[in-house]
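So the structure is just underneath, and the comments pick up after that.
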Amino acid sequence: MEAIPDQFMEFHPIHGVNVSLDLSGTRATRVESFANGVCFSKHPLKPGEIFLIEIEEKEVGWCGNLRVGLTSRDPGNLDVVPEYSIPDLTDSGDSWVFAITRNHNKVVEDPVDGGQRLGRGEPGEEAAEGYHNLKPQTFFTDSHLYIDNVRIPRDKLVGRSRPGRYSHILDDLYRTNALPPTARRSRIGVLYTQRGPGLADMHVVINGEDMGASAKGIPTIQPLHAVVDVFAATKCVRIVQVEYGFSSLQTLCRKAIQKHIVHRMAIDWLELPEAMKHYCKYE
Numbered sequence: 001m002e003a004i005p006d007q008f009m010e011f012h013p014i015h016g017v018n019v020s021l022d023l024s025g026t027r028a029t030r031v032e033s034f035a036n037g038v039c040f041s042k043h044p045l046k047p048g049e050i051f052l053i054e055i056e057e058k059e060v061g062w063c064g065n066l067r068v069g070l071t072s073r074d075p076g077n078l079d080v081v082p083e084y085s086i087p088d089l090t091d092s093g094d095s096w097v098f099a100i101t102r103n104h105n106k107v108v109e110d111p112v113d114g115g116q117r118l119g120r121g122e123p124g125e126e127a128a129e130g131y132h133n134l135k136p137q138t139f140f141t142d143s144h145l146y147i148d149n150v151r152i153p154r155d156k157l158v159g160r161s162r163p164g165r166y167s168h169i170l171d172d173l174y175r176t177n178a179l180p181p182t183a184r185r186s187r188i189g190v191l192y193t194q195r196g197p198g199l200a201d202m203h204v205v206i207n208g209e210d211m212g213a214s215a216k217g218i219p220t221i222q223p224l225h226a227v228v229d230v231f232a233a234t235k236c237v238r239i240v241q242v243e244y245g246f247s248s249l250q251t252l253c254r255k256a257i258q259k260h261i262v263h264r265m266a267i268d269w270l271e272l273p274e275a276m277k278h279y280c281k282y283e
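Sequential numbering from 1 applies to the sequence shown in UniProt numbering.
Here it is, written out as structure tokens:
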């Protein structure tokens with residue numbers, strides 16, 4: 001697999017009218033209503049590069065949750081950001097979006113026509129004949145998740161159910177303590193893998209597990225941006241930075257600062273520019 005250079009992931013400044021971004025451009029909050037929360041990655045994704053987010057806040061009283069996917073539209077050229085990612089973006093034929101549900105997010109291959117359907121929570125789908133043979137073929141190592149020829153470090157993919165920045169140092173249980181996909185601190189990512197000349201498959205990863213190819217044969221003639229719809233019961237998400245190789249100088253400086261503080265919120269007391277404080281708080 002070709003090496004993926006680390007880049008600092010941010011949300012695009014063009015987004016839904018109900019979205020507010022923080023100073024660093026890495027936290028998106030829907031400030032009112034339940035819709036108009038569509039966001040995009042600031043830069044197109046490279047093949048195998050995951051756009052990973054963590055759910056930070058929920059809001060009761062709404063039906064539905066986070067939606068993620070890809071689009072070949074350039075967000076900078078949008079006159080108006082659609083109110084909904086599904087169906088407003090997907091009906092155009094140049095966007096592929098997956099609705100995250102509490103259960104049944106895995107893609108089930110259709111053995112008859114070779115197609116796929118998305119796990120939307122249909123009752124009894126686990127009991128379907130041959131279901132155990134249709135699950136996506138993925139496997140884990142201790143340190144990485146493999147999807148086709150893509151190799152992603154697992155340390156950032158799994159959400160933690162317990163607060164505390166350094167809780168994993170004291171207790172390794174969090175690695176196997178899987179969160180529901182729509183829960184606070186759950187981590188959800190989207191990426192695409194090359195399928196052939198000019199084509200790709202989109203994969204959604206939830207807490208370190210590949211859900212399968214949720215869209216196949218996506219044309220890659222145009223650059224693909226990530227789509228994140230902060231929808232309904234999902235109120236706030238933040239981007240989790242993923243490093244694939246050697247750490248950048250920016251990351252090394254951030255880790256040096258984090259090493260010498262008791263808690264990441266103590267960064268607020270340092271005499272640093274606000275943008276740098278935001279960056280240093282993240283993992």
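A virtual CB, placed ideally from N, CA and C, is assigned to each residue, including glycine.
These figures come from a predicted structure and were not determined experimentally.
DSSP places Tyr-146 in the uninterrupted beta strand (DSSP E) bounded by 144 to 147.
Contact between Leu-70 and Met-202 holds, since their C-beta atoms are separated by about 5 Å, short of 8 Å. The alpha-carbon separation between Ile-239 and Val-68 amounts to approximately 13 Å. As a beta-bridge residue in DSSP terms, Ile-152 pairs with Leu-145. Sequence-distant Cβ neighbours of Cys-236 in its own chain, meaning closer than 6 Å and more than five residues away, are Thr-29, Glu-56, Glu-57.
Straight-line measurement puts the Cα of Val-150 at about 7 Å from the Cα of Thr-193. In the three-state scheme derived from DSSP, where H, G and I count as helix and E and B as strand, Leu-78 is classed as coil. Burial is judged here by how many other beta carbons sit within 10 angstroms of a residue's own beta carbon; Met-9 has at least 16 and is buried. Of the other Cβ atoms in all chains shown, 16 or more fall within 10 Å of the Cβ of Lys-42; this residue is therefore buried. Annotation: the region 7 to 88 contains no complete segment of the alpha helix (DSSP H) (minimum length 4 residues). It is roughly 31 Å from the alpha-carbon of Met-211 to the alpha-carbon of Lys-255.
If you ignore the 5 residues before and after Ser-95, its C-beta comes within less than 6 Å of the C-beta of Thr-71, Leu-89, all in its own chain and listed in chain order.
Proximity to Pro-219 across Asp-79, Pro-197, Lys-106 peaks at Pro-197, based on C-alpha coordinates. Contiguous alpha helix (DSSP H) elements confined to the UniProt domain "SOCS box" (248 to 283) occur at 249 to 259, 274 to 281, taking only those with 4 or more residues. Ranking Leu-199, His-225, Ile-261, Val-81 by CA distance to the CA of Leu-45 puts His-225 first. Taking 9 Å as the cut-off, the beta carbon of Leu-66 is found closer than this to the beta carbon of Ile-188. Around the CB of Asn-77, fewer than 16 other CB atoms lie within 10 Å, so the residue is classed as exposed. Taking the CA atoms as reference points, Ala-213 sits about 10 Å from Leu-191. In the three-state DSSP reduction, Asp-91 falls in the helix class (H, G or I). Burial state of Val-19 is buried, judged by a 10 Å Cβ sphere holding 16 or more other Cβ atoms. Assignment of Val-204 by DSSP, reduced to helix, strand and coil, places it in the strand class. Just measuring C-alpha positions, the residue of Ala-35, Thr-234, Val-38 sitting nearest Ile-100 is Thr-234. Rounded to the nearest angstrom, the gap between the Cα atoms of Met-265 and Val-108 is 42 Å.
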